[in-house]
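Visitor: Here the working numbering is used: the sequence shown runs in plain steps of one and ends on residue 750. Glycine included, C-beta positions come from ideal geometry on N, C-alpha and C. A single structure is presented below for examination.
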Amino acid sequence: MRTYHCFWLLFWAGQPHQSFLTPLSKRTSGFPEKEKVLVLSGNSRQDLHRSKRSWMWNQFFLLEEYTGTDYQYVGKLHSDQDKGDGSLKYILSGDGAGDLFIINENTGDIQATKRLDREEKPVYILRAQAINRRTGRPVEPESEFIIKIHDINDNEPMFTKDVYNASIPEMSDVGIIKTALLNMDRENREQYQVVIQAKDMGGQMGGLSGTTTVNITLTDVNDNPPRFPQSTYQFRAPESMPPDSPVGRIKANDADVDENAEIEYSITEGDGYDMFGITTDKDTQEGIITVKKALDFENKNLYILKVEATNTHVDPRFLYLGPFKDSATVRIQVEDVDEPPVFSRPAYIMEVKEDVPMNTVIGTVTAQDPDAAKNPVKYSVDRHTDMDRVFNINSGNGSIFTSKPLDRETLLWHNITVIAAEINNPKQSSRVPVFIKVLDVNDNAPEFAMFYETFVCENAKAEQLIQTLSAVDKDDSYSGHQFSFSLAPEAASSSNFTLQDNRDNTAGIFTRKNRYNRHEMSTYFLPVVISDNDYPIQSSTETVTIRVCACDHRGKMLSCNAEALIHPTGLSTGALIAILLCIIILLVTVVLFAALRRQRKKEPLIISKEDIRDNIVSYNDEGGGEEDTQAFDIGTLRNPEAIDDNKLRRDIVPETLFVPRRTATARDNTDVRDFINQRLKENDTDPTAPPYDSLATYAYEGNGSVAESLSSLESMTTDGDQDYDYLSDWGPRFKKLADMYGAMDSDKDS
C-alpha cells in the first residue's frame, strides 16, 4: 500500500510599502529553520512613496505528533503599522485560539500548546488583527490565515476485523486469497489459518505494518463414494421371527458429510431376494435388513444376499473418480426353534347325517411337528367350543366321531376347535377350526301350520267349505315339499264332514249334510292324516275342532253352544266377577259380626268382690332378688274381660288400634298357670295381637324353672290353704322365700 504526500506553498506579494521587522523571540525548537512572518498591511494616505515589501505567508505548516517539552513555535504576525514602540496589540481568534494556539500580543509570535494529530484535525482556520492599545481601534483589517498539520507516518495499517472467517469449496480455482496447492482435500484437512500483514509506504524502509488472521474452512463436495468396511456380513435369524422384524444392520462409510454422505441401500441379487428387505436409517445412514416372509428352517436354512450402497446426491464433476456405490455380501443363517404342530389345512369342513348312530366317525384332522425331531402329536377337542360334548376325537389319529345324537332341526352347524399338542412338550400346541354340518334326513312328519278351530252354522248347506288347511315340515326337501291330506280311516265313513286334497299342499273341509243342531252335538273333532313324499315317508294325524254355532241368514256367527253353557243368562265375564266379589264381602261381614257377638258373651275368669293387686317378681335371672322387682297390675288375671274393653295401657303409646280378640271364658277354678299358657299360645299365633300386651310380656316364668310357678295367685282361687314346706327343699337360693311363707304358716297355726 502506497501513500503519496503533496505540500503546497502559497506565496502572496503585497503592495509596495515599507515593512518593519522585529526581532524574533527565542524558539524552543529547531523547527522550522526559516522564520515564518505573516505581515499585516494597510493603506496609508500619508505615504506618498512606494516601497518594496517583504514576502507574506497566508498559511503555516506544522508537523503532527510534536514530542518536545516546550511549546511548538508556529510563526509570527507583524503589521507594517507597528513602529516598535509597543503601541500596537496583536489579537488571535478562530479554531483553537487561546487554547490550542496562543499569541504574544506584543511581538505577534504564535505557539502551539498541545500535541497535534493530523488524523484527528488536519486544518485550523484562524483570524489575526492588530489594534491600538490606547484607542482600542484596529489599525489593520482582520486577516484570515490557515495552519495545516503536516502528516508523518505515525499509524500502522489496521484491518477492520481481528479475525476473518472464510470458506471455499474444496478443489476450488483461484480467488482473492489463492490456494497454494492443487486439489486441496477437505477429508485430509478441513481448517486452515492464514496470517496476513499490511505495510504502508509501499513496504519501504520506515513504513508501519498491521496483521490479521483469516480462518479458512474447506466445504465439502461429493468426491468420495461409499465404501463397506468389510466384504461379507453374517447374521442369524430364528425361524419364529415374525415378518417386518429386523435381522441386522450394515453400514457403508462415506468420507463426505451432510447430504453428500446420504446413502441408499438395496438388495440387488441373491436367493433371498423375495424373503428379505433393506431400508436406510436416516439418522445413522445404516442399512436395516428385515424379514419379509415367514422363515422355515426345515425348508431352507441359509440365504445369501448381495447388498449395494449408493450415494443419493452425485456430483457429475467427480464421476471420473469412479462409481459412487459399493456392494457387499450378506449371509443369513436361519436357526431352528421348537415349533408347534402344523395342521394340514387351515380349517376343516365335515358333513354328517343327523340319524347316524353314536360313535360314528365323521372325519379326520392331521397335524405334524414341523421340526426335524418330528415329535408325536396328540389331539383333543376344546370343550369351550363343545360344551354339550356332542363330539369326541381320537387322541392318536385325529378322527372325530359323534358321542351324542344329532338333530339338524335343533342345530344345523357345529363349530368346534381341535387342539394338536406335542406329547413331549404340551406347551407347543396349535388350533384349527372344524365346521360340522348336520345333513337332513326325513325324520319329522308334517303337521298343521297352525292350530285350527273352526265352526259350522246350524243352517249350513251340504258341500259348503268351512276351513282351508295347510301344513309345514321341519325337514328340508331338495325338490320341495309335497303333502297329501286325508281323513283318518275311523272318520272317513262316519264323519259329517269331508276332506278334499287340493294337491298344492293345502286341503279343504266341506260339510256333508244340510243343517246341524248344536243341542244334539255342539263340537266335532275331525282327525286329518298328513303325509310327505320323502323317504322314508312320514305322516301324522292332526285334529281339527269344529263347533256348531247359531248364525244369521248371511252365515255370520251369533253364538255357539260352548258360550251358551258358560253364560246361560247372557252375562258378561266382568258382571260375573262383580257378583262374586259382592258375595265374598257379604260373607266376610257376617263372619266378623258373629265373632264380635261371641266375644261380648265371655264370662270373667275370676269373680271377686275385692280388687286384689299383687307384685309379680321375675326370677328368670340371677339378679338382685327381691329388690329387682317391677310393679304389675294383676287385676287383669282376675277379670279376663278387662282386656275386651277399649281401655289401653297408659305406660305404652300404641301406634295402631286393633280389634281385641275374644276367647272362651275360663272356669272359676281354672289354674292361673293354664290360663296364662292359653293366653300365651293365643298371642303367639295371633298376627293381630299388639306387641305391648302385658300378658305376653310378664306372663309366666317358663319351663326352665324346677320350682314350676311361684305365683301365689292360685291360693286366691281355692278355698283351701297352700302348703309351702316344699320350698325348703329347693336349696339356698329359695331359703329366704321359704322362711317368709313358713313364718306365715306359723302365724296361722298360732
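(1) Take residue 253 and list the residues in its own chain whose beta-carbon comes closer than 8 Å to its own, dropping the five residues that flank it on each side.
(2) Quick one: complete beta strand (DSSP E) runs, 3+ long, within the region 225-265?
(3) Alpha carbon to alpha carbon, how far is residue 426 from residue 432?
(4) Could you spell out the range, first to last residue, of the beta strand (DSSP E) harbouring residue 60?
(5) Identify, in the order they occur along the chain, each residue of the same chain with its Cβ nearer than 6 Å to the Cβ of residue 43, setting aside the five sequence neighbours on each side.
(6) Where residue 237 and residue 335 are concerned, what is the direct C-alpha to C-alpha distance, given to the nearest angstrom?
(7) Might you give, ordered along the chain, the residues of its own chain that have their beta carbon closer than 8 Å to the beta carbon of residue 514, omitting 5 neighbours on each side?
(8) Per the contact definition of three or more C-beta pairs closer than 8 Å, is the region 330-350 in contact with the region 300-316?
(9) Is residue 612 helix, strand or coil when you go by DSSP?
(10) Can you tell me where the alpha helix (DSSP H) holding residue 88 begins and where it ends?
(11) So residue 415 and residue 435 are supposed to be a Cβ contact under 8 Å. How far apart are they, rounded?
(12) Which word fits residue 383, buried or exposed, when buried means at least 16 other C-beta atoms lie within 10 angstroms of its C-beta?
(13) For the alpha helix (DSSP H) containing residue 675, name the first residue and the last one.
(14) Could you tell me the boundaries of the beta strand (DSSP E) in which residue 433 lies?
(15) Around the C-beta of residue 78, are 16 or more other C-beta atoms found within 10 angstroms, so that it is buried, or is it exposed?
(16) For residue 155, tell me which candidate among 207, 398 and 311 has the shortest Cα-Cα distance.
(17) Grab me the residues of residue 266's own chain with a C-beta within less than 8 Å of its C-beta, minus the 5 sequence neighbours each way, in chain order.
(18) Return the CA-CA distance between residue 373 and residue 260, expressed in angstroms with no decimal places.
(19) Measure how close the beta-carbons of residue 215 and residue 193 come, nearest whole angstrom, since I'm counting them as under 8 Å.
(20) Using only alpha-carbon positions, find the residue among 353, 366 and 287 that is nearest to residue 407.
(21) Bridge partners for residue 560 per DSSP, in chain order?
(22) Please report the straight-line C-alpha distance between residue 475 and residue 539, rounded to a whole angstrom.
(23) Which of the three DSSP states is assigned to residue 282 in this structure?
(24) Does DSSP classify residue 105 as helix, strand or coil?
(25) Following the continuous beta strand (DSSP E) through residue 453, name the residue where it begins and the one where it ends.
(26) Out of 477, 686, 153 and 371, state which residue places its alpha-carbon closest to the alpha-carbon of residue 534.
(27) In angstroms with no decimal places, state the Cα-to-Cα distance between residue 205 and residue 184.
(28) Kindly indicate which residue of 110, 367 and 249 has the alpha-carbon position closest to the one of residue 235.
(29) Any idea if residue 196 is buried or exposed, counting beta-carbon neighbours within 10 angstroms, 16 or more meaning buried?
(30) Does the region 587-599 touch the region 493-500, meaning 3 or more C-beta pairs lie closer than 8 Å?
(31) Near residue 244, which residues of its chain fall below 8 Å by C-beta distance, leaving aside the five closest residues on each side in sequence?
(32) Okay, do the region 85-101 and the region 123-135 touch, 3+ Cβ pairs below 8 Å being the bar?
(33) Could you give the distance in angstroms between the alpha-carbon of residue 732 and the alpha-carbon of residue 741?
(34) Assuming residue 448 and residue 465 make a contact with CB atoms under 8 Å, what is their CB distance in whole Å?
Guide: Based on what the coordinates show:
(1) Around residue 253: 226, 227, 228 and 229.
(2) 232-238 and 246-250
(3) 16 Å
(4) 59-63
(5) Residue confidence is low: residue 43 scores 44 on pLDDT, short of 50, so the model does not pin down where it sits. Its coordinate-derived value is still stated next. Answer for residue 43: no residue qualifies.
(6) 6 Å
(7) The beta carbon of residue 514 sits closer than 8 Å to the beta carbons of 460, 461 and 462 from its chain, once the five residues preceding and following it are set aside; these are given in chain order.
(8) yes
(9) A caution first: residue 612 carries a pLDDT of 47, below 50, which makes its placement in the model too unreliable to give a value.
(10) Looking at the DSSP string, residue 88 is not in any alpha helix (DSSP H); the run it does join, the beta strand (DSSP E), is 88-94.
(11) 6 Å
(12) exposed
(13) 672-685
(14) 429-439
(15) buried
(16) 207
(17) 278, 307, 308 and 310
(18) Approximately 53 Å between the Cα atoms of the pair.
(19) 5 Å
(20) 353
(21) 549
(22) 12 Å
(23) coil
(24) coil
(25) 453-457
(26) Distances from the CA of residue 534 to each of 477, 686, 153 and 371 were compared; the closest alpha carbon is that of 477.
(27) 37 Å
(28) The option with the nearest alpha carbon to residue 235 is 249.
(29) The residue in question, residue 196, is exposed, as its Cβ has fewer than 16 Cβ neighbours within 10 Å.
(30) no
(31) 290, 291 and 292
(32) yes
(33) Put simply, the backbone Cα of residue 732 is about 15 Å away from that of residue 741.
(34) Going by Cβ atoms, the distance from residue 448 to residue 465 rounds to 17 Å, so no, they are not a contact pair.
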